[in-house]
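When we follow the numbering used here, the leftmost residue of the sequence shown carries the number 189, and every step to the right adds one.
Built from N, CA and C at the ideal position, the CB exists for glycine as well.
Since the structure is predicted, the reported quantities are computational estimates derived from the model, not experimental observations.
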Amino acid sequence: MENFADACKKSAAELADKNKTVKTTVENGVFVEVAYIGKLTNGTKFDNGTVKFTVGGGQMIKGFDKGVVGMKTGESKDLVIPPEDGYGLPETSSKIFPQEIPIGAFKTAFNNEEPVKGKEYTNLNSLPWPVKVIDVKVITHNYTIKILNILTKEEYKNMSCLGKYGISENDVVFLYSDSCGWCAKMKPLVETLEKEGYSFSRINVADGEKMNIGQECLSNMLDFSGGVPQFTCPATGKYHGGAFTKPDGSADISQLRAFADECNKSA
Numbered sequence: 189m190e191n192f193a194d195a196c197k198k199s200a201a202e203l204a205d206k207n208k209t210v211k212t213t214v215e216n217g218v219f220v221e222v223a224y225i226g227k228l229t230n231g232t233k234f235d236n237g238t239v240k241f242t243v244g245g246g247q248m249i250k251g252f253d254k255g256v257v258g259m260k261t262g263e264s265k266d267l268v269i270p271p272e273d274g275y276g277l278p279e280t281s282s283k284i285f286p287q288e289i290p291i292g293a294f295k296t297a298f299n300n301e302e303p304v305k306g307k308e309y310t311n312l313n314s315l316p317w318p319v320k321v322i323d324v325k326v327i328t329h330n331y332t333i334k335i336l337n338i339l340t341k342e343e344y345k346n347m348s349c350l351g352k353y354g355i356s357e358n359d360v361v362f363l364y365s366d367s368c369g370w371c372a373k374m375k376p377l378v379e380t381l382e383k384e385g386y387s388f389s390r391i392n393v394a395d396g397e398k399m400n401i402g403q404e405c406l407s408n409m410l411d412f413s414g415g416v417p418q419f420t421c422p423a424t425g426k427y428h429g430g431a432f433t434k435p436d437g438s439a440d441i442s443q444l445r446a447f448a449d450e451c452n453k454s455a
């Protein structure tokens, strides 16, 4: 009868012999080392080297993994791997990105054209791809307006920039400097018209407070960095730069009166 010690020695020897067995044919689960050269169908080489992996373990592209099965140690083989078993096919289908844009923005991008459902539009200056209108929506908003107060014309004027400083928009604004020769010639004309009932608001460039008011309220009507004299009518936006003069160069009150009349008509 075989004793236990002899049986153990025999099993250990058999296991050692089994582990010494080297597989010479590749199958799934075998660890292999493969030298390879990767080429395109036109013969262009794109890769080469040596790689170690377990066959069937998903470590390589499918075509390579399946292609080495059945090969023997030292064997060479040409593998033609289709894209679906390699790195995949390039994406050729167009992607659609639905996006809502205001009609005004659409017309700006496509030469003022109205969007038409189902129509395709192209403008490479705006977008590098074509645009297809899949729907046109008209959104209606309902608003309720509550009138809190009704102002008189005089109250409205007092709310204006000039109104809060007690200056009427129907005044003729006279921008001048004490050191300006033509301004000195315009002053008597302004004073005469004031006696006739015309209304003027004077801004002396040396008067910091008046200049601040003028720059706050009249910066779009008077050039505060330019020369003087200057005249403007806030009610009409009319402007006159320089003195009112006759052809002979003398001061002309009739032109200034006509300017003031036009300003008063808007009252």
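Residue i - containing alpha helix (DSSP H), residue span
i       : result
Thr-380 : 369 to 383
Lys-453 : 441 to 453
Thr-296 : 291 to 297
Ile-401 : 396 to 405
Residue i to residue j span [Cα, whole Å]
i       : j       : result
Trp-317 : Ala-297 : 12 angstroms
Leu-410 : Ala-394 : 16 angstroms
Val-214 : Gly-255 : 10 angstroms
Asn-400 : Trp-370 : 23 angstroms
Lys-325 : Gly-276 : 41 angstroms
Lys-334 : Asp-366 : 51 angstroms
His-428 : Ser-348 : 22 angstroms
Phe-252 : Ile-269 : 7 angstroms
Glu-301 : Ile-291 : 10 angstroms
Ile-284 : Cys-421 : 58 angstroms
Pro-456 : Ala-293 : Since the displayed the chain opens at 189 and closes at 455, residue 456 lies outside it and no answer follows.
Gly-231 : Pro-271 : 16 angstroms
Glu-379 : Tyr-331 : 52 angstroms
Cys-451 : Ile-289 : 46 angstroms
Gly-437 : Lys-453 : 28 angstroms
Gly-354 : Glu-382 : 17 angstroms
Asn-236 : Gly-262 : 17 angstroms
Gln-287 : Ile-327 : 16 angstroms
Thr-212 : Ser-264 : 14 angstroms
Glu-397 : Asp-449 : 28 angstroms
Gln-443 : Phe-432 : 6 angstroms
Tyr-224 : Asn-313 : 48 angstroms
Gly-245 : Asp-266 : 21 angstroms
Lys-373 : Asn-408 : 26 angstroms
Asp-359 : Glu-384 : 14 angstroms
His-329 : Phe-388 : 47 angstroms
In DSSP terms, what residue i is bridged to
i       : result
Phe-252 : None, per the DSSP bridge assignment.
Asp-235 : Gly-226
Lys-260 : Thr-213
Gln-418 : Leu-363, Gly-429
Glu-308 : Lys-320
Phe-241 : Val-220
Nonlocal neighbours in the same chain, by C-beta distance under 6 angstroms from residue i, ignoring five residues either side
i       : result
Gly-425 : none
Val-222 : Val-239
Leu-363 : Ile-391, Leu-410, Val-416, Gln-418
Lys-250 : Asp-273
Lys-434 : Asp-440
Asn-308 : The sequence as given places Glu at residue 308; Asn does not occur at that position. Excluding residues within five positions, the ones whose Cβ falls inside 6 angstroms are Pro-318, Lys-320.
Lys-295 : none
Start-to-end residues for the beta strand (DSSP E) that takes in residue i
i       : result
Asn-392 : 388 to 392
His-428 : 426 to 429
Val-360 : 360 to 364
Chain-order list of residues whose beta-carbon lies under 7 angstroms from that of residue i (same chain, five-residue window excluded)
i       : result
Val-257 : Val-214, Glu-215, Asn-216, Val-243
Asp-323 : Lys-305
Cys-405 : Cys-349, Leu-350
Glu-357 : Lys-345, Ser-348, Leu-350, Pro-422, Ala-423
Leu-228 : Phe-234
Own chain partners of residue i with C-beta closer than 8 angstroms, once the 5 adjacent residues on each side are dropped
i       : result
Asn-311 : Ala-297, Phe-298, Asn-299
Gln-247 : Phe-241, Asp-253
Gly-402 : Val-361, Leu-363, Ile-391, Leu-410, Phe-412
Lys-375 : Tyr-364
Leu-315 : Ala-297
Gly-226 : Lys-233, Phe-234, Asp-235, Asn-236
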